[in-house]
Structures are given as structure tokens and as C-alpha cells.
Amino acid sequence: MLKAVFPGSFDPPTLGHLNIIERASSLFDELVVVVAENPQKKYLFSAEERVALMQELVRPQKNVTVLIWNSLIVEFMKQQDLPIIIRGVRGTDDFSYEFELSMINKALDANIETIFMTTDPRYFVLRASAVKELAFFHGDVSNMVPPLVEEALKQKYHY
Ligand code: ADP
Numbered sequence: 134m135l136k137a138v139f140p141g142s143f144d145p146p147t148l149g150h151l152n153i154i155e156r157a158s159s160l161f162d163e164l165v166v167v168v169a170e171n172p173q174k175k176y177l178f179s180a181e182e183r184v185a186l187m188q189e190l191v192r193p194q195k196n197v198t199v200l201i202w203n204s205l206i207v208e209f210m211k212q213q214d215l216p217i218i219i220r221g222v223r224g225t226d227d228f229s230y231e232f233e234l235s236m237i238n239k240a241l242d243a244n245i246e247t248i249f250m251t252t253d254p255r256y257f258v259l260r261a262s263a264v265k266e267l268a269f270f271h272g273d274v275s276n277m278v279p280p281l282v283e284e285a286l287k288q289k290y291h292y
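If you count the sequence shown from 1, you need to add 133 to reach my numbering.
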């Protein structure tokens with residue numbers, strides 16, 4: 134059984150995240166989406182809200198599970214005996230950040246293998262922070278997030 138972990142903030146889940154999940158879940162027998170709860174970060178959606186959204190969105194994919202983790206991802210991976218981490222890469226800026234992160238994770242646990250998946254060209258300028266900024270000003274985010282997330286953003290920002 135080949136299993137992998139896809140960690141992130143997913144604040145909120147975007148079509149870019151979902152595209153990586155769809156593609157990774159067809160490459161691995163099981164994919165665990167880990168929603169980060171980092172007390173140092175400010176989120177728009179609580180961890181419970183982000184997990185609930187993600188669970189609903191991945192419901193059709195039977196080999197994908199979603200859970201919250203509030204510590205180092207390597208600790209989760211050690212505990213669950215899951216050595217493969219998937220990260221999405223939109224461009225060279227993402228890559229240099231993700232590369233450093235993978236080096237840090239490797240130094241923490243030499244068994245961890247990071248696999249980078251390149252974005253789909255449709256989503257290469259798509260990031261959750263831009264979605265939030267656009268939604269804050271009541272802009273149209275329908276080509277960036279699924280309808281469920283668009284609805285949740287409308288409720289948050291009252292439009
Ligand atoms: P974090 O808060 O951990 O930086 P995010 O929640 O923004 O990450 O994203 C989680 C993962 O999804 C990261 O690996 C990120 O590079 C990837 N990702 C985000 N947006 C996209 C996108 N549009 N296309 C491909 N991968 C993406």
C-alpha cells in the first residue's frame with residue numbers, strides 16, 4: 134500500500150488544492166489531507182471549518198481522508214508511519230520555498246520523501262490569499278474555488 138500525506142492550511146480549499154488532491158489520489162492507494170492548525174498563523178476559517186469544507190469536497194474520492202494536526206508534520210508522519218509528503222508547486226518562487234521546507238523536514242527525519250507536483254496551468258496564479266482578498270472586496274471567485282467554498286466566503290464576508 135502506497136500512502137501519502139498532503140499537508141497545508143487550506144484557508145480556504147481552492148481548485149488548485151483540489152486538483153493536486155485528485156491527481157495525487159490517483160497515484161497513491163491512500164492520501165491523507167492534513168489541515169494545519171498553527172497557533173502562530175491567523176486563519177479566516179477555523180480548523181474545524183477548513184476540515185468540514187475539505188471533507189465535503191473530497192467525499193467522492195474514497196481513498197482520501199482529512200484530519201487536523203497542530204504540530205510538526207514530520208511528527209504526524211512518524212506516528213502514522215507515512216513517509217511520503219506531497220507538495221504542490223506553482224512556479225520557481227514556490228519551488229525555492231518548498232525545497233527549503235523539504236530540506237528542513239529531511240533533517241528532522243531522514244526517512245521522509247517529499248514529492249513535488251506541478252500545478253495544472255489553469256491554477257498556476259491561484260493562491261488562497263488572493264481568493265480571500267478578492268472575496269473581502271466581494272469580487273467573483275467562482276473560477277478559483279468550488280461553489281461550496283464560494284458560499285462559505287460569502288457568509289464570512291456578508292455578501
Ligand atoms: P501552506 O499554508 O502550507 O503554505 P497552502 O494551504 O496554501 O499551504 O497550500 C498547501 C499546498 O498546496 C502547498 O504545497 C501549496 O504549494 C499547494 N498549492 C496551493 N495552491 C496551489 C495551486 N494553485 N496549484 C498547485 N498547488 C497549490
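Backbone N, C-alpha and C fix where the C-beta goes; we use that ideal spot for every residue, glycine too. Everything numeric in this text was worked out from a predicted model, so none of it was measured.
Buried or exposed: where does residue i fall if 16 or more other Cβ atoms within 10 Å of its Cβ makes it buried?
i, result
"I218", "buried"
"G221", "buried"
"Y290", "exposed"
"G149", "buried"
"P280", "exposed"
"L286", "buried"
"V258", "exposed"
"T198", "exposed"
"N244", "exposed"
Indicate the three-state DSSP secondary structure (helix, strand or coil) for residue i in the structure shown.
i, result
"I154", "helix"
"P254", "helix"
"L135", "coil"
"T247", "strand"
"T225", "helix"
"G272", "coil"
"P280", "helix"
Please confirm whether any heavy atom of the ligand ADP lies closer than 6 angstroms to the CB of residue i.
i, result
"T252", "yes"
"H150", "yes"
"G141", "yes"
"G221", "yes"
"L259", "yes"
"D227", "yes"
"I245", "no"
"Y292", "no"
"I201", "no"
"N176", "Per the sequence presented here, residue 176 reads as Tyr, with Asn not at that position. Checking the Cβ of Y176 against the ligand ADP gives no."
"I153", "yes"
What are the start and end residues of the beta strand (DSSP E) that includes residue i?
i, result
"I217", "217-222"
"E163", "163-169"
"L200", "197-202"
Along the chain, where does the alpha helix (DSSP H) containing residue i start, and where does it finish?
i, result
"K211", "206-213"
"R183", "180-191"
Would a check of beta-carbon distances place residue i closer than 7 angstroms to chain D?
i, result
"L135", "Reference to chain D is not applicable here, since this structure consists of a single protein chain."
Stretch-stretch touch, CB-based, cutoff 8 angstroms, three pairs: the segment 222-236 with the segment 179-198: no
Touch test, the segment 259-271 against the segment 169-176, Cβ-Cβ under 8 angstroms, three pairs minimum: no
Three or more C-beta pairs below 8 angstroms linking the segment 234-241 and the segment 190-204: no
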